[in-house]
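**Student:** Number 122 in my numbering belongs to position 75 of the sequence shown; there are no gaps in the numbering.
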Amino acid sequence: MIFYSCKTVEKSSVKNCHSEKIKFDISKLDDKGLLGNENGKVSVDYEFCIPNNQVYLAEVLAIDLTLKNVPSTGKSKCGADSFLIMGNTFHSDFRLILCKIANLDYVKEINQTHWE
48 MIFYSCKTVE KSSVKNCHSE KIKFDISKLD DKGLLGNENG KVSVDYEFCI PNNQVYLAEV
108 LAIDLTLKNV PSTGKSKCGA DSFLIMGNTF HSDFRLILCK IANLDYVKEI NQTHWE
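1. In this structure, how does DSSP classify residue 153 when only helix, strand and coil are distinguished?
2. Do residue 91 and residue 82 have their C-beta atoms within less than 8 Å of each other?
3. For the alpha helix (DSSP H) that contains residue 108, what are its first and last residues?
4. Please work out which residues of its chain come closer than 6 Å, Cβ to Cβ, to residue 147, disregarding the five sequence neighbours upstream and downstream, and give them in chain order.
5. Given a cut-off of 8 Å, decide if residue 151 and residue 96 are closer than it, judged by their beta-carbon atoms.
6. With H, G and I counted as helix, E and B as strand and the rest as coil, what does DSSP make of residue 94?
7. How many whole angstroms separate the CB atoms of residue 75 and residue 158, which I take to be in contact at a CB cut-off of 8 Å?
8. Extract the residue ranges of the beta strand (DSSP E) inside the stretch 112-140, only unbroken runs of 3 or more that lie entirely within it.
9. Does the contact criterion of 3 or more C-beta pairs under 8 Å hold for the stretch 109-125 versus the stretch 134-144?
10. Count the other C-beta atoms from every protein chain shown that fall within 10 angstroms of the C-beta of residue 126, then say buried if there are 16 or more, exposed otherwise.
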């Protein structure tokens, strides 16, 4: 008989991730989704485009209710027929969230947002 803990199931889900779509290094983030040393940890903002479709928007928001539909093209250069969606890694399950987003066929890539 084999037993799996929740952590084991989550890690196997991450292995099935289309991680090639995630264009920043999530391995540098701690378990809370933060980057940096103990004196200066920050979360990482990210963005991606989805087709301008309410069904797709609802599907993305069901993955993470903190995602925002932003009226801009962003660094990802979303077209006029697309929504720019922005999120943040400050979640204990950020890896699973990013993988669920990356596994959507209509998401081509997830980019880190660099604020100027």
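Glycine included, every Cβ here is placed at the ideal spot set by N, Cα and C. These numbers were taken from a predicted model, which means no experiment stands behind them.
**Tutor:** On the basis of the data shown:
1. Translated into the one-based positions of the sequence shown, residue 153 becomes position 106. In this structure, residue 153 counts as coil in the three-state DSSP scheme.
2. Taking the sequence shown and counting its residues from 1, the one referred to as residue 91 is at position 44. Taking the sequence shown and counting its residues from 1, the one referred to as residue 82 is at position 35. Taking 8 Å as the Cβ cut-off, residue 91 and residue 82 qualify as a contacting pair.
3. For this step, residue 108 is matched to residue 61 along the sequence shown. Boundaries of the alpha helix (DSSP H) harbouring residue 108: 101-110, taken from the DSSP string.
4. The count along the sequence shown starts at 1 and reaches residue 147 at position 100. Hits under 6 Å: 110.
5. Residue numbering aside, residue 96 sits at position 49 when the sequence shown is read from its first letter. Residue numbering aside, residue 151 sits at position 104 when the sequence shown is read from its first letter. Going by C-beta atoms, residue 96 is not nearer than 8 Å to residue 151.
6. Counting from one through the sequence shown, the residue named residue 94 turns up at place 47. Note: residue 94 maps to strand in three-state DSSP.
7. Stepping through the sequence shown from its first residue, residue 75 is reached at position 28. Stepping through the sequence shown from its first residue, residue 158 is reached at position 111. That pair is no contact at about 16 Å.
8. 115-117, 129-135
9. The answer is yes - the stretch 134-144 touches the stretch 109-125, with three or more Cβ pairs under 8 Å.
10. The count along the sequence shown starts at 1 and reaches residue 126 at position 79. Flag for residue 126 reads exposed.
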